[in-house]
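In order, the protein sequences belong to chains A and B.
Sequential numbering from 1 applies to the first sequence in my numbering.
Sequential numbering from 113 applies to the second sequence in my numbering.
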Amino acid sequence: GENVEQHPSTLSVQEGDSAVIKCTYSDSASNYFPWYKQELGKGPQLIIDIRSNVGEKKDQRIAVTLNKTAKHFSLHITETQPEDSAVYFCAASGTGANNLFFGTGTRLTVIP
Amino acid sequence: SQTIHQWPATLVQPVGSPLSLECTVEGTSNPNLYWYRQAAGRGLQLLFYSVGIGQISSEVPQNLSASRPQDRQFILSSKKLLLSDSGFYLCAGEAGANVLTFGAGSRLTVL
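The structure is reproduced here in structure tokens:
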């Protein structure tokens, strides 16, 4: 089955700096890579996703890059703000959400 | 858009007692539904998923069961809780093409 590894487990940045979270996956058949943000005591929320037919996707201060050859993908947050503080999860999936495998999460802290 | 409602939000139960966590979906019909468990500091573990009424697939052997009595209702149950059942339980619906929408979660503490 798929194995998703996520690094780092914790990340602290100064407000205004950039944050990068990286994930690797094992199954070359995976073709969907979402990123979720989970605030304290809440359920995860999808913030951005990418499919295997593109290498990069951007939405305002958030971007995701995908390298299918190397089987890794990354989340980039620019101009970080305190409200970006949360736990971020990556995931990789082939066919069907029952085949969606999550990383172990990164706790991002943005220091004002 | 799809909205997932879960309750109760928090629950403290003694070992050996029964459990029922409820999830309802708003905004879509015949969605695929999922129950995940999130242990502290760890990722999301898929417990059950359902593609329709009465259709349940279990991903891991455990002390829990799931049922889908109605199209938009998904229930997670246990007859006798164990200490190891403590955790944060999340219901999710598939909004389309692998995209999941999660509920706010139910935190279960078994004492």
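Built from N, CA and C at the ideal position, the CB exists for glycine as well.
Query, Result
"Continuous beta strand (DSSP E) stretch holding E56 (chain A): start and end", "E56 to D59"
"Three-pair Cβ contact test at 8 Å for the stretch 204-211 of chain B versus the stretch 139-148 of chain B", "yes"
"Helix, strand or coil at L159 (chain B) [DSSP, three-state]", "strand"
"Nonlocal neighbours in the same chain, by C-beta distance under 8 Å from P130 (chain B), ignoring five residues either side", "S189, S190, K191, K192 and L193"
"For Y36 (chain A) and F89 (chain A), believed in contact at Cβ under 8 Å, the rounded distance", "5 Å"
"S85 (chain A) (DSSP reduced to helix, strand or coil)", "coil"
"Straight-line Cα distance separating S30 (chain A) from T95 (chain A)", "8 Å"
"Unbroken stretches of the beta strand (DSSP E), 3 residues or longer, contained in the stretch 166-216 of chain B", "167-170, 177-182, 185-190, 199-208 and 211-214"
"Residues of its chain near L108 (chain A), where Cβ-Cβ distance is below 7 Å and the 5 sequence neighbours each way are ignored", "L11, A19, D84, S85, A86 and Y88"
"Own chain, CB closer than 6 Å to I21 (chain A), minus 5 neighbours either side, in chain order", "L75, Y88 and T106"
"Short-range partners of chain B found in the stretch 32-48 of chain A, where Cβ spacing is below 9 Å", "Y32, P34, Y36, Q38, G41, K42, G43, P44, Q45 and L46"
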